[in-house]
Each structure stands twice: as C-alpha cells, then as structure tokens.
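Heads up, the sequence shown is in numbering that gives the first Met the number 0, so the first residue is 0 and it goes up one at a time. Backbone N, C-alpha and C define an ideal beta-carbon position, used for all residues, glycine too. Just so it is clear, the structure is predicted and the values come from calculations on it, not from any experiment. Everything on this sheet refers to the single structure shown next.
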Amino acid sequence: MERLTGPAADALDAAAPVAPAAPVDPAAFREVLGAFASGITVVAAVADDGRPAGLACQSFASLSLDPPLVLLCVGKGSSSWPKVRAAGRFGVSILAEEQRTVCEALGRRGEDKFADVDWELSAHGAVRVSGALATVDCALEEVHEAGDHYLVTARVLELSARDGGSPLLYYRSDYATGAFG
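Here it is, written out as structure tokens:
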C-alpha cells in the first residue's frame with residue numbers, strides 16, 4: 000500500500016485522532032445527498048408463490064468488470080426484498096423517464112404491485128419491466144448489513160438495452176428527467 004507524503008500526509012496527521020462527530024441531522028443528510036441525482040430502477044424476481052415481487056430502488060451501481068458485479072442498497076423495512084432475496088435471481092430494470100407510474104407502483108407497499116405493470120420473465124428467471132431503458136439479470140452474491148439498509152452484491156448474468164430514451168431520475172426528493180438521448 001502506498002503511503003501518503005507531503006501536504007496530504009500533513010493534513011491527515013493534523014486531523015488525527017478523530018474525535019467523535021456530532022450527530023448528523025437526518026433531514027440535513029437527506030437534503031444534502033439529494034443534490035446527487037440517481038437513476039431509478041426496479042429490482043424484481045418471481046416469488047415462491049409464482050407471482051412477481053419487487054421494489055423501486057435508486058441505490059444501484061456497477062461494482063466490478065471482472066467478474067461482472069453490481070451493487071444495490073435495500074431498506075431493511077422492505078416487505079418485497081425478502082421475496083426477491085429468497086428467489087436468488089432477479090432483474091434490475093433501469094426505468095425510462097416515461098415510467099414514473101411504474102416507479103410509483105413498485106415504490107408503494109402492498110401485495111399486488113405488478114397489477115398495472117407490464118413485465119416479462121427472462122431465460123434466467125429474472126423479472127424485467129417492459130419498456131425499461133436497460134435490464135440486468137442478476138444472481139445474488141452477498142448481502143451485508145449496513146445501518147438501516149442491506150448492501151447487496153450480485154453477479155451479472157445477462158444485459159440488454161434499448162435504443163434511445165432518457166432515464167427517470169431522483170433529484171432533491173422529487174422525480175427529474177434528463178435529456179440524454
């Protein structure tokens with residue numbers, strides 16, 4: 000491991016030891032981090048009862064190229080996550096700007112979130128939302144507890160993307176769109 004030298008090392012030395020910080024106000028935390036726009040995805044699988052189960056998720060990112068891995072963060076209070084986790088394989092659908100109603104359907108609590116959502120089953124057994132900008136079929140790798148969330152890593156099994164379109168974004172506690180296509 001490389002050791003820092005010069006001004007960077009001096010700054011770290013001046014800051015050590017770290018005193019306990021004052022508690023971070025949750026409202027301020029949400030407001031400040033809300034300045035970071037994130038895409039909105041649907042994470043979904045076929046549950047034990049044969050019906051789709053899923054949730055809206057804005058904490059999703061690529062993790063590794065070799066092997067191909069993604070990560071996502073899921074709130075511990077999610078009633079859908081245990082069903083997705085039990086399936087072991089799931090789809091991540093990256094929503095397009097016109098799919099706000101899909102996000103709202105999958106973001107609410109309830110048993111029949113997919114009642115008005117068009118979806119298809121992939122060859123890997125993953126649920127894919129129709130019309131998504133892209134889909135990623137995944138196999139669950141690891142789940143770690145991280146505060147009030149689970150940090151989930153998954154192996155990528157298959158990818159697909161449609162031509163054109165712009166993403167549905169979450170920015171400053173509201174929906175946003177971006178003209179990227």
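In terms of alpha-carbon separation, which member of the options lies closest to residue i?
i, options, result
"residue 118", "87, 43, 168, 75", "43"
"residue 79", "66, 113, 70", "113"
"residue 73", "154, 146, 171", "146"
"residue 124", "150, 85, 101", "85"
"residue 102", "77, 62, 57", "57"
When DSSP builds the beta bridges, which residues end up paired with residue i?
i, result
"residue 143", "150"
"residue 118", "128"
"residue 52", "44"
"residue 160", "133"
"residue 60", "70"
In terms of residues, what are the limits of the beta strand (DSSP E) holding residue i?
i, result
"residue 89", "88-93"
"residue 173", "173-176"
Look at the Cβ atom of residue i, then the Cβ atom of residue j, and state whether they are nearer than 8 angstroms.
i, j, result
"residue 68", "residue 157", "no"
"residue 55", "residue 106", "yes"
"residue 152", "residue 70", "yes"
"residue 36", "residue 175", "yes"
"residue 104", "residue 83", "no"
"residue 127", "residue 92", "yes"
"residue 116", "residue 137", "no"
What's the gap between the Cα of residue i and the Cα of residue j?
i, j, result
"residue 32", "residue 169", "11 angstroms"
"residue 164", "residue 94", "10 angstroms"
"residue 131", "residue 89", "15 angstroms"
"residue 167", "residue 38", "6 angstroms"
"residue 60", "residue 46", "24 angstroms"
"residue 161", "residue 134", "9 angstroms"
"residue 182", "residue 120", "The requested residue 182 does not occur in the structure, where the chain is confined to residues 0 to 180."
"residue 26", "residue 122", "43 angstroms"
"residue 28", "residue 40", "22 angstroms"
"residue 24", "residue 143", "24 angstroms"
"residue 87", "residue 75", "17 angstroms"
"residue 171", "residue 34", "6 angstroms"
"residue 99", "residue 159", "21 angstroms"
Just curious, the alpha helix (DSSP H) that residue i is in, first and last residue?
i, result
"residue 32", "25-32"
"residue 104", "99-106"
Compute the minimum distance between the beta carbon of residue i and the heavy atoms of the ligand NAP, and state whether it is under 7 angstroms.
i, result
"residue 152", "The ligand NAP is not part of the structure shown, which contains no ligands of any sort."
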